[in-house]
Amino acid sequence: MFITESFIFTLIGTVAFVVLAPIIGCFLAGLDRIISARMQGRVGPPLLQPYYDVRKLIAKDDVTVSGVDGVYMTCALVFTAFAGGIFFSGGNLLMSAFVITMAALFFIMAAYSSRSPYAELGAGRETVQVMAYEPMVLLMAVCFFMAAGSFNVGAIFNQPLPVICLTIPAFIGFLFILTIKLRKSPFDLSTSHHAHQELVRGTTTEMSGKTLAKVEVMHWCETVLFLGWTGMFFIWGTPLSIILGVVVALAAWFFEIWIDNNFARVKWQAMLKWAWIVALVCGGINIVILAFI
Amino acid sequence: MQLISFLILFPLIIAAVLLVAKGDMLRNVIVVASAIIIAAGSIVLAVQYLGAPWIGFEFESPIVDYIGTAIGVVIAAAVIAFGVKYKNYLAIALAVIQVVGSLVFELGFAHGASSRIGLYIDSLSIVMALIIGIIGSGICVYALGYMIDFQKHLDEHGEAEGLTELQRKDRRPEFFALMFLFLSAMYVIVFSNNMAWMFTGWEVTTLCSFLLIAYTRTEEAVNNAFRQIIMNILGGIGFLVALYLAVAFTGTLSLERFIAIGMMRPALVVVAVGALAFAGLTKAAQMPFHTWLLGAMVAPTPTSALLHSSTMVKAGVFLLIKLSPLFAVCIVPATMVVLVGGFTFMLCSFMAISQTNAKRVLAYSTIANLGLIVACAGVATPEAVWAATLLVIFHAAAKSLLFLCVGTAEHHIGSRDIEDMDLLFDRMPRLARFMMLGIMCMFIAPFGMLIAKWATLVSFVDSNQIILILLLAFGSAATFMFWAKWLGKLSGIAGSPENVELTVHPSEWVSLIIMACIAVVACVALPFVSNIFVEPYVVGVFGVLGRDVAVDNLWLSSILAIFVFAVLFGGIGASKKKRVGVYLAGVSVDSDTRTYRNSLSGESIATSRNMYLNSFFGEQKLRPVGEVLCSFIIVVALLASGIIPPVLFL
């Protein structure tokens, strides 16, 4: 009934995440743009370009259509921070996944609130995206639980072997939906960083200034969190394995950029169908394996 | 004991009084006063027995037994009378079977069999009593204002809409009497240890909902009412079969003894458990019986609210949760309950995506949620029962709030279509916030629902319910979709259209605020709710609490809930920021109505609709699948539990 140590840890983790994740995420975003540019035979912007962009957005005039999108985006940011805090303090993986879904929900509400037809369509697609990746996220967490014996991320440090040894199918499924979660092509349906979006800017059509800056920062934080989920599979009792986790996470991230630059956007029907098939096959097989060994 | 009898008898008396009381003023006074008394009585009861273990009250009375039988006869007579009037012979046949069965049972077969301990109380019945007493009577108060509008509409437009005089008749005394009778019957169900008495309450709720659904006497209403009664009498016959078997094999009608004997010798009770589970599934509107709850929507909204949140379907899940310890030892009925619940959860969540009618979305989400509760009851681990009980609480609070919101919105914007709720945030600012609150309590992260889902997942994993895990994973993804798009529709803000919520009746506001407060308190005080109400029951039944459900996560969710409520009711108000028009790929003429000048210098209106994904989740596609699948599971399970035990004995 009392507030426990791990609760305090979560709060400390949240604060640490709030400080560090935007910095790391910002660098990653800059690198992403440089790598993408090189893949396309360009030089690309400076490493800190995302930071300059956001700084400029913050300095802009506060202009809004609905008057409330900024508040919703603040909520989304706060929930992202908590999701990160829960995860990186070794807390409950499911809770982290639920709370980040909550952030997605507030992002969707911010988009809807403007009543822009483009934003509404984008928001509708964003809900389909969430629906597409949710089953795999849940199944990934379940597989983690069955392999590590706990939903607590901290449990990986008690493992004799990394969790990946028992969860290869689930990890593959997770990599598939990671593309949706990171809003990378071919699944960047609701809004896109590239200039070839048929919905103007989809969810973010009517967002500007500080509100748009919040979207960017949220995206940085999300990237760090999801890469954390990726690395988690490769860490076990030895502290040195954290390096392995980071390396794998970065490799997965590079892989996502490569996909982003090599695949054309698909329709939502295809995304939903494939995401669910992958979840059913990869998640289902993995759970069966874990249940019977 | 006195308090329990009071809670059972008082609504009964009020029901009789309301039947003869004419005039709005008098009715308002009676309903409000008795609602307060019932709620207070339930709270006093809860405080008195807080955290108490199972306490039985010795109370045995042949007179009560006979009254129960007489009530059964009256119910059957009523059903037969309606059946004759509307020429529904199936209903007549079922009613005859049931009444003959119960007469033979009472006067011949089980004459003298009884239960020394007639009434009891434990933490689960306290939870149910609070739900019935506060939420149920709150809905009665809400109905006061709602029914005035409802009747006014009938008087003014009924004739033009081609309704006959019978259909336009002011039947409100009967309506309110039925609402209170319903509450009384529910108290009977949750406090009776004597299963024959419980059965009487069970049948009374069936009849009450029949009459409430048929309230308007339109063809659709009558048809749907008959569908309800046919399905529920089938369930009732299942219950009756279970009574026969209980007396034959265990020699007792005491629910507590029945469970205790069953735990020791499962083979004796397995068929009875199967029959009871069948009764629970019909009442909890699980597939293939879900259509009665969808049909019940034709009734005035307070009826739907009552059926969905605090009564009727909750009686079904209550029984299944009570039977949970037996499911742990009776594999076949448990498998039936788990699979039917799981498939119902997933398929009904899918179908909710394709609905535009707000009440239909709510109905499907109710059925889906009940499916989850049913599946938890079948899994029968301490964590699962913990989750099931929390789900009952949160569902009752959130769903009643949502139904009442939709009812009020319908009367003021003239539609219950979600697409028409565009700009509700401007037109009915307070109501829209309540509705958003309800939706958030139903499904998202820091709130109770997801905590409960997480416990569900833990227990599904622990018991290796692989199919259930998959059903839960896909079903809850669908849940996100249909709630999120509704929430999005509500959150749209334009200029400042006319506020139409000024004419909402005070009684409606009062009950809305009460429901909202319950939902908020339940979410914020989640650790306490769990500790005070739910854990004592789980410990009382299983002896242990199961895997630690992590108190710090409860606290975390409580903090996040406070944050969201603060934003919802404090943060999103008038903004001082500079407002601009919406971008419409043309020169905007009026951005509130999304009108713009098109390339031919004419004016076009940009419209957009939410996605309903009919090609994936349409009713026509999924309903037959679910009905066939669940019917098959039920038939196979009942046959198996009927055949296997005798084989084992030989």
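Each protein sequence line maps, in turn, to chains Z and P. Anchor point for the first sequence: position 147 equals 147 in this note's numbering, and the numbering is continuous, going up by one each time. Anchor point for the second sequence: position 641 equals 1641 in this note's numbering, and the numbering is continuous, going up by one each time. Heads up, the beta-carbon is just placed ideally off N, CA and C, and yes, glycines get one too.
Relative to F292 of chain Z, the option among Z:V130, Z:M146, Z:L182 and Z:T127 whose CA is nearest is Z:M146. In this structure, F263 of chain Z places its C-beta atom within 8 Å of the C-beta atom of S185 of chain Z. Going by DSSP, I1008 of chain P is part of no beta strand (DSSP E) but of the alpha helix (DSSP H) stretching over Q1002 to V1020. CA-CA distance, S1588 of chain P to K1489 of chain P, rounds to 22 Å. The continuous alpha helix (DSSP H) containing V1031 of chain P extends over residues D1024 to Q1048. One thing to note: F1565 of chain P has its Cβ no nearer than 8 Å to the Cβ of V1625 of chain P. The bridge partners DSSP lists for T1595 of chain P are P:D1590 and P:I1605. For secondary structure counted as the alpha helix (DSSP H) over 4 or more consecutive residues, the segment 1085-1164 of chain P holds these complete runs in sequence order: 1089-1103, 1123-1130 and 1137-1157.
L1370 of chain P is positioned such that its CB atom lies no closer than 8 Å to that of A1246 of chain P. Between the segment 1187-1199 of chain P and the segment 1142-1161 of chain P, the count of Cβ pairs shorter than 8 Å is below three; the stretches do not touch. Nearest CB-CB separation between L1470 of chain P and chain Z: below the 8 Å threshold. Per DSSP, G124 of chain Z is one residue of the alpha helix (DSSP H) stretching across P117 to A148.
About 20 Å separates the beta carbon of A1377 of chain P from that of M1442 of chain P, a gap too long to meet the 8 Å contact definition.
With a threshold of 8 Å between beta carbons, I172 of chain Z makes no contact with chain P. Against P160 of chain Z, chain P offers no close residue; the least beta-carbon distance is about 21 Å (beta-carbon pairs closer than 7 Å).
Around I1097 of chain P, the same chain offers I1237 as residues with beta carbons nearer than 7 Å, after the five sequence neighbours per side are excluded. Cβ contact annotation for Y1187 of chain P (same chain, cutoff 6 Å, sequence separation greater than five): L1007 and I1008, in chain order.
At a cut-off of 8 Å between beta-carbon atoms, M1435 of chain P makes no contact with chain Z. Contact annotation for D188 of chain Z against chain P: no contact, minimum CB-CB distance about 17 Å [criterion: below 7 Å].
For G70 of chain Z and I1413 of chain P, the gap between their C-alpha atoms comes out near 28 Å.
Around the beta-carbon of S1365 of chain P, 16 or more other beta-carbon atoms lie within 10 Å, marking it buried. Scanning chain Z for C-beta atoms nearer than 7 Å to the C-beta of K1485 of chain P yields G124 and T127, reported in chain order. Shown here for V1032 of chain P: same chain residues with a beta carbon closer than 8 Å to its own, the five before and five after excluded, namely V1141, L1144 and S1507 in chain order. Rounded to whole angstroms, D1552 of chain P and F7 of chain Z show a C-alpha spacing of 5 Å.
Straight-line measurement puts the Cα of H1395 of chain P at about 15 Å from the Cα of G1133 of chain P. A distance below 8 Å separates the beta carbons of L1181 of chain P and L1012 of chain P.
The beta carbon of W258 of chain Z sits no closer than 8 Å to any beta carbon of chain P.
Secondary-structure assignment with DSSP links D1417 of chain P through a beta bridge to P:N1357. Assignment of beta-bridge partners to R1579 of chain P by DSSP yields Z:T64. Look at I1513 of chain P here: in three-state DSSP terms it is helix. DSSP places G13 of chain Z outside any beta strand (DSSP E); the residue lies instead in the alpha helix (DSSP H), whose first and last residues are E5 to M39. Not flagged as an interface residue toward chain P: F263 of chain Z, since no C-beta distance is shorter than 8 Å.
Looking at the DSSP output, I1055 of chain P shares a beta bridge with P:I1121. Assignment of beta-bridge partners to N1194 of chain P by DSSP yields P:S1254.
The Cβ-Cβ distance between K1576 of chain P and D61 of chain Z does not fall below 8 Å. Ranking P:F1616, P:L1362 and P:N1610 by CA distance to the CA of M1435 of chain P puts P:L1362 first.
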